[in-house]
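The block underneath contains the structure these notes are about, expressed in structure tokens.
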Amino acid sequence: MEKKTKTPAEEKPAAEEPPVTTVEETPVDPVAELTKKYDEVNDRYLRLVAEFENYKKRTQRDAENTVRYANEKFARDMLDVLDNFERALKGGDDDLRSGLEQIHKLYLSVLSRNGVEPMNAEGSPFDPNRHEAVAHIPSDSPEGTVIDEAIRGYTMHDKVLRHAKVAVSRGNE
């Protein structure tokens with residue numbers, strides 16, 4: 001048997017052709033694609049609206065609670081005053097005066113811690129923004145001067161809580 005020798009053209013490997021695959025393209029339906037995108041955007045919108053409504057309800061509830069419990073610290077401080085009143089009432093007559101003086105000091109300190117300060121009206125010029133005149137009395141003091149304080153006035157952080165009820169000098173007649 002004879003051996004066949006290959007020619008140089010035969011020795012070169014033939015270029016392999018890629019396998020032929022047929023890709024069946026599915027027809028793209030633009031309406032279906034747009035409908036899908038619309039549904040996604042609409043779903044996100046609805047979720048965002050629901051989240052915003054929950055946020056509004058939560059902030060409204062928080063604001064209501066803030067207003068409702070704004071005086072909680074003040075109320076706790078006032079319970080100390082009440083406890084001291086009850087102790088003073090249980091004590092004898094001798095201890096009553098000193099107990100009431102201590103309660104008065106405690107009460108003023110509680111008010112002060114919460115920004116409430118008494119106004120000193122006596123001897124100052126009458127100011128209708130801070131004082132309420134209940135009497136006009138002749139006196140040696142210059143006209144328009146507060147000469148007596150019937151009921152003390154109070155301020156809270158520079159805002160008048162209660163006007164002082166005062167007697168005002170009419171001057172020397």
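Going by the UniProt record's numbering, the first residue of the sequence shown is number 1, and it counts up by one from there.
We put the beta carbon where it would ideally sit given N, CA and C, even for glycine.
Query: State yes or no: is the C-beta of residue 229 within less than 8 Å of the C-beta of V41?; Result: The chain is shown only over 1 to 173; residue 229 falls outside these bounds and no answer can be derived.
Query: Is there a C-beta anywhere in chain D that falls below 8 Å from the one on T35?; Result: You won't find chain D in this structure, because it holds only one protein chain.
Query: Which residue comes first and which comes last in the beta strand (DSSP E) that contains T155?; Result: 154–156
Query: Can you say whether E149 is buried or exposed, counting buried as having 16 or more other CB atoms within 10 angstroms of its CB?; Result: buried
Query: Within its chain, find whatever has a CB closer than 7 Å to the CB of L96; leave out the 5 residues flanking it on each side and keep chain order.; Result: A88
Query: Within the segment 86–157, note down every full beta strand (DSSP E) run reaching 3 residues or more, in order along the chain.; Result: 116–118, 131–138, 146–151, 154–156
Query: Just curious, the beta strand (DSSP E) that A167 is in, first and last residue?; Result: 164–171
Query: In terms of alpha-carbon separation, which member of N114, V134, P128 lies closest to A70?; Result: N114
Query: Which one of V49, E117, S98 has the shortest CA to CA distance from A164?; Result: E117
Query: Look up V28 in the DSSP assignment and say whether it is helix, strand or coil.; Result: coil
Query: Take the Cβ of E50 as the centre, count every other Cβ of all protein chains shown within 10 Å, and call the residue buried at 16 or more, exposed below.; Result: Note on identity: in this sequence residue 50 is Ala, with Glu being the wrong assignment. Classification of A50: exposed, given that the 10 Å Cβ count is below 16.
Query: Below 8 Å on the Cβ atoms is my contact criterion, and I expect S98 with S139 to pass it. Report the Cβ-Cβ distance as a whole number of Å.; Result: The Cβ separation is near 35 Å, so there is no contact.
Query: Is it buried or exposed for residue 178, if we count other Cβ within 10 angstroms and need 16 for buried?; Result: Given a span of 1 to 173 for the chain in the structure shown, any question on residue 178 remains unanswerable.
Query: When the Cα atoms are used, what is the spatial distance from D93 to H104?; Result: 17 Å
Query: Using CA atoms only, rank isn't needed, just tell me which of S112, P30, N84 is closest to E101.; Result: N84
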